[in-house]
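Some notes on the structure that comes next.
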Amino acid sequence: MAGQTVECHLGLPINSSRSPNFGSWELKLIPLVVRRRTGKLRVKETMAITMIDPVEVASKEFEESHLFNKLRKIVVVARIFENTADYRSLVHSVSSFDLDDPEIYVQVKADYDLIRDTIRGRGFSYLSGKMGKLVQPRTKGPGHGSTSRAFYARTGFVAHILGKGYSIPNS
Numbered sequence: 001m002a003g004q005t006v007e008c009h010l011g012l013p014i015n016s017s018r019s020p021n022f023g024s025w026e027l028k029l030i031p032l033v034v035r036r037r038t039g040k041l042r043v044k045e046t047m048a049i050t051m052i053d054p055v056e057v058a059s060k061e062f063e064e065s066h067l068f069n070k071l072r073k074i075v076v077v078a079r080i081f082e083n084t085a086d087y088r089s090l091v092h093s094v095s096s097f098d099l100d101d102p103e104i105y106v107q108v109k110a111d112y113d114l115i116r117d118t119i120r121g122r123g124f125s126y127l128s129g130k131m132g133k134l135v136q137p138r139t140k141g142p143g144h145g146s147t148s149r150a151f152y153a154r155t156g157f158v159a160h161i162l163g164k165g166y167s168i169p170n171s
């Protein structure tokens with residue numbers, strides 16, 4: 001709900017398009033929680049990037065993919081998660097991210113290629129959330145029977161996207 005509120009405030013119609021939200025850049029909301037023991041902020045969860053279309057992933061190189069297009073230029077709004085009721089959402093920071101860091105680019109491409117090779121060689125059903133160092137394929141949708149999958153940024157990658165000063169769960 002918080003994401004839709006920000007999109008509405010920015011004049012973006014609510015949709016589920018796989019193209020970046022604003023033509024050349026993507027908008028993402030990241031929930032942060034306060035670590036009780038230390039009082040420091042940490043990334044609450046992984047970040048959905050885009051749905052996986054197995055036919056498209058199997059046929060497209062990383063540089064032609066929706067994953068690449070979404071990660072090329074992102075504006076990230078970090079918000080403080082208070083509770084599941086979500087009556088309010090405090091914006092903590094706004095930052096931008098792109099794939100200019102060669103190490104990050106190489107690893108995200110390697111994760112994509114692993115997912116692509118798995119789809120091509122073994123099939124879509126062999127994708128696992130254990131795959132990928134920065135980007136993982138995971139089920140998306142209600143319940144454990146969901147078969148649709150999306151590319152997700154792992155919490156460590158989300159912390160990197162946000163910049164210095166954020167931690168990841170269990171660190």
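Under my numbering, the first residue of the sequence shown is numbered 1, with each subsequent residue one higher. For every residue, glycine included, the Cβ atom is placed at its ideal position computed from N, Cα and C. This structure is a prediction, so every number in the text was calculated from the model and none was measured.
Report the three-state DSSP secondary structure of residue i (helix, strand or coil).
i    : result
A85  : coil
K109 : helix
L134 : coil
R37  : coil
S171 : Low local confidence applies: a pLDDT of 43 at S171 is under 50, so the model's placement there is unreliable, and no value is given.
T155 : helix
S65  : coil
S128 : coil
I52  : coil
R122 : coil
E103 : helix
Tell me residue i's beta-bridge partners as DSSP assigns them.
i    : result
D98  : K73
R149 : T139
Using a Cβ-Cβ cutoff of less than 7 angstroms, which residues in the same chain neighbour residue i once the five nearest sequence positions on both sides are dropped?
i    : result
F124 : P54
L114 : M131, G132
F68  : F62
P31  : K44, E45, R79, F81
S171 : Only weak support exists for where S171 lies, its pLDDT of 43 falling under 50; the value from the coordinates is given anyway. For S171, where only same-chain residues beyond five positions count, there are no Cβ hits under 7 angstroms.
M47  : K28, I30, Y152, A153, V158
Q136 : G129, Y152, R154
K109 : F62
A58  : R116, I119, R120
K70  : P20, E26, I49, T50
With burial defined as no fewer than 16 other Cβ atoms inside 10 Å of the residue's Cβ, what is the status of residue i: buried or exposed?
i    : result
A153 : buried
R37  : exposed
R88  : exposed
Whose C-beta lies closer than 6 angstroms to the C-beta of residue i among residues of the same chain, with five residues either side of it excluded?
i    : result
G163 : S95
State yes or no: is the C-beta of residue i within less than 7 angstroms of the C-beta of residue j?
i    : j    : result
L134 : D111 : yes
T84  : H66  : no
Return the chain-ordered list of same chain residues with a C-beta closer than 8 angstroms to the C-beta of residue i, the five sequence neighbours on each side being excluded.
i    : result
P102 : none
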